[in-house]
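In this note's numbering, the protein residues as written are 900 to 1194. For each residue, glycine too, the CB sits at the ideal point set by N, CA and C. Here's the structure, in structure tokens; my notes come after.
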């Protein structure tokens, strides 16, 4: 009996759509519909449920809001300072742990990745305790003679931002390192051996072999890190509570305050969430264009 190849192809396509349908439906219901509702909400103004259409008023109002400008500035400080340090550190650690001659590689990899598996709230509280006036860091600094009395790291805007950056580095460096390790597994080890025979220094091997061959993975981690940093929430809430005087507040934290802490202003909060979306999309597009140098 002869089988019609077209009907077989059609059946295969139909089966594919059937398998995709549940996930597609869930994405539409849980993601796209709320996004449309949030955009419509951003065009309304008022407190609580007393809303009226206001067009783009909320978007213009945001940039006159001193707290929003501060939160935007803080988010970019974390992005510009923390993300490059984290990715370089992750790349350096991955290169070290990819060495075939290194003993206890599994132990080191697990130890560096382990912070990523900890609860966001738990690790923020731990860092808050470490950098408290009577915390472990101050105790060590006093014993070393660097400080005479405990320093309140979380009460100073600059040092509070530094604490948040250190916390982010501690938690997310291992996460990015795993991506680089996975990418390094796909690079033939003979390439490194050939470079070593040719007299290449470790730095030259790293810069001229590892970095170019890991370029797609570096681009991926840069986009993910940018997206995550612009949506930073847990550290600002649990570590510094946005303080002192909103000096460390992030955009997502301010959205939360506008929606649930202050008198609810859902229209302004929705407009701010779309500002974050525009920033994430724009920076991701720029990174992809800058990183994609295919001829």
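- With a cut-off of 8 Å on Cβ pairs, the segment 1059-1067 is in contact with the segment 1135-1150, counting three or more such pairs.
- In this model, residue 1077 and residue 1006 are separated by some 14 Å (Cα to Cα).
- As for any alpha helix (DSSP H) of minimum length 4 sitting wholly inside the segment 1058-1090, there is none.
- Taking C-beta separations shorter than 6 Å and ignoring five residues to either side along the sequence, the partners of residue 978 in its chain run 1128, following chain order.
- In terms of Cα proximity to residue 1108, the closest of 1124, 1088, 1125 is 1088.
- Annotated as proximal: residue 1071 and residue 985, with beta-carbon spacing under 9 Å.
- In this structure, residue 988 lies away from residue 939, with their beta-carbon atoms at least 9 Å apart.
- Judged by beta-carbon spacing, residue 958 lies beyond the 9 Å limit of residue 1161, meaning their Cβ atoms are not closer than that value.
- Distance from the CA of residue 1167 to the CA of residue 1055, rounded to the nearest whole angstrom, comes to 29 Å.
- Judged by their CB atoms, residue 945 and residue 1164 are nearer to each other than the 9 Å cut-off.
- Taking a cut-off of 8 Å for Cβ pairs, the segment 991-1001 and the segment 1079-1087 touch, as three or more such pairs fall below it.
- 982 is the residue among 1098, 982, 997, 1143 whose C-alpha sits nearest the C-alpha of residue 1118.
- Going by DSSP, residue 1054 is part of no alpha helix (DSSP H) at all; its letter is neither H nor E.
- A Cβ-Cβ distance of about 6 Å is found for the pair residue 1153 and residue 966, placing them in contact under the 8 Å criterion.
- According to the DSSP assignment, residue 1170 belongs to the alpha helix (DSSP H) that extends over 1165-1190.
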